[in-house]
Amino acid sequence: MKVYWDVDQLPDTPVEPVATMGNLDGIHRGHQVIISRLQQEAERIGAETLVITFEPHTRRVVRPHDDFRTVMTLKEKLGRLHERDVDHVLVLPFADGYAEMSAKEFIEEVIWEPLHVRAMYVGHDAGFGKRREGDVRLLTSEGRRLGFHVGVVDPLLVGGKRVSSSRVRAAVTAGKLDVAARLLGRDHVVSGMVMRGFRRGRELGFPTANISDEATVLPPHGVYVGWAQTQDNCRHGAMINVGTRPTFDNGAVSVEAHLFNYSGDLYGQELRVSLRQRLRGEVQFDDPDQLRIQLKKDAVDARKLLGIKRAKAKGG
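Here our numbering runs 22 ahead of the position in the sequence shown, where the first position is 1.
Okay, here's the thing in structure tokens:
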């Protein structure tokens, strides 16, 4: 998969792809349907596929004062697109003038002149250009004028409602990880670099990897079970804490993962943690010994839920 970090990085000879565009935050099941349509059409006409997306998320630029968290990081998004065999991704730096570009300018200067798209596939509610002034009707009209086909993909319904990134965020925020998983087609993932923490987990016998805050959506504070994937693509069962560590009065929200059956140093590495199920809420204990006792119980419950044997070694 080739990634271009702005229009000026595109090949001099237009790719002439079958394309889609949008934030595609989460690469949820609705996005997956659109990508499948791209690939079907591309195979039919002998073209390649291309996704146009934005960094940062358009909402962070248009409404900068909102406390807005995305479903996934850009790195995670690119990884998911690669897994789905997309040929090209054009990442537009949305803050660098694209937010002020009119819908027709966007079609001319992004979709047509540098790419010569052969077809565009979008959702029925697609919006683009300044203040989302462009819609499916305009895109279809301009497609006829310039010579590319526009396909509108019907929304995917789950539980009688349209699958959307907003719905995924709401489900995760409410702690409904099972709902989020049905919308995403997989467990919700939190990813980031492993940072050095206060090493309190190690002192308690449960060393943890402290994941950097990448402003992605988090579930309610508590202890969760899931799976952690290290930089070398090894997968380990994990017990994950999301919260402020009230027993130690730390204050800042953090995501920490204790990996079962793992011994090693994860500092400075990328870690992906999928959240499968909530084990319990966040509790403030009177002293570290009480917390240690609870963590031992949590570990037993987590291993049972994940179907893994007791860890032979601990590390990280």
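All residues carry an ideal CB built from backbone N, CA and C; glycine is no exception.
Here the structure is a predicted model, which means the values were calculated and not measured.
Alpha-carbon to alpha-carbon, alanine 125 and phenylalanine 150:
6 Å
Please confirm whether valine 93 and arginine 189 have their CB atoms less than 8 Å apart.
no
So, is glycine 145 buried or exposed, given that buried needs 16 or more other C-beta atoms within 10 angstroms?
buried
Measuring alpha carbon to alpha carbon, tell me which residue in Gly244, Val211, Val245 is nearest glutamate 292.
Val211
Would valine 194 and histidine 50 be called neighbours here (beta carbons separated by less than 8 Å)?
no
Are isoleucine 74 and leucine 114 closer than 8 Å when you measure CB to CB?
yes
Given a threshold of 16 other Cβ atoms within 10 Å of its Cβ, counted over all protein chains shown, does tyrosine 246 qualify as buried or as exposed?
buried
With a threshold of 16 other CB atoms inside 10 Å of the CB of alanine 324, please say whether the residue is buried or exposed.
buried
Does arginine 106 come out as helix, strand or coil in the three-state DSSP assignment?
coil
Count the other C-beta atoms from every protein chain shown that fall within 10 angstroms of the C-beta of glycine 338, then say buried if there are 16 or more, exposed otherwise.
Caution applies to glycine 338, whose pLDDT of 40 falls short of 50 and renders its modelled position unreliable; the value that the coordinates give is listed next. Counting Cβ neighbours within 10 Å, glycine 338 comes out buried, since at least 16 surround it.
Please report the straight-line C-alpha distance between isoleucine 67 and methionine 142, rounded to a whole angstrom.
13 Å
Would you kindly report the start and end of the unbroken alpha helix (DSSP H) that includes valine 55?
51–67
Alpha-carbon to alpha-carbon, leucine 103 and alanine 335:
A caution first: alanine 335 carries a pLDDT of 45, below 50, which makes its placement in the model unreliable, though a value can still be read off. So the two alpha carbons sit approximately 35 Å from each other.
When the Cα of leucine 168 is compared with those of Ser187, Trp249, Leu137, Asp157, which residue comes out closest?
Leu137
Between which two residues does the beta strand (DSSP E) holding phenylalanine 76 run?
71–77
Which residues DSSP lists as bridging alanine 117, in chain order:
Alanine 117 is not bridged to any residue.
Say whether the stretch 288–304 touches the stretch 255–264, bearing in mind that this needs 3 or more beta-carbon pairs closer than 8 Å, one atom from each stretch.
yes
Leaving out five residues before and five after glycine 290 in sequence, what residues of the same chain have Cβ atoms less than 8 Å from its Cβ?
Met215, Val216
Within this structure, are the beta carbons of aspartate 47 and serine 234 separated by less than 8 Å?
no
Bridge partners of threonine 238, per DSSP?
Thr92
Suppose you measure from the CA of histidine 53 to the CA of isoleucine 315; what does that come to, to the nearest Å?
44 Å
Neighbourhood of phenylalanine 170 by C-beta distance below 7 Å, restricted to the same chain and skipping five residues each side
Val139, Arg140, Ala141, Met142
Excluding sequence positions up to five away, which residues of its chain have a Cβ less than 6 Å from the Cβ of glutamate 63?
Val40, Ala141
Taking isoleucine 330 and glycine 259 to be in contact with their CB atoms under 8 Å, please state how far apart those CB atoms are, rounded to whole angstroms.
4 Å
For isoleucine 330, verify whether its CB is less than 7 Å away from any heavy atom of the ligand ZN.
Among the components of this structure there are no ligands whatsoever, and the ligand ZN is therefore not found.
Using CA atoms only, rank isn't needed, just tell me which of Arg166, Val158, Gly244, Val322 is closest to glutamate 278.
Gly244
Helix, strand or coil for threonine 42, going by three-state DSSP, please let me know.
strand
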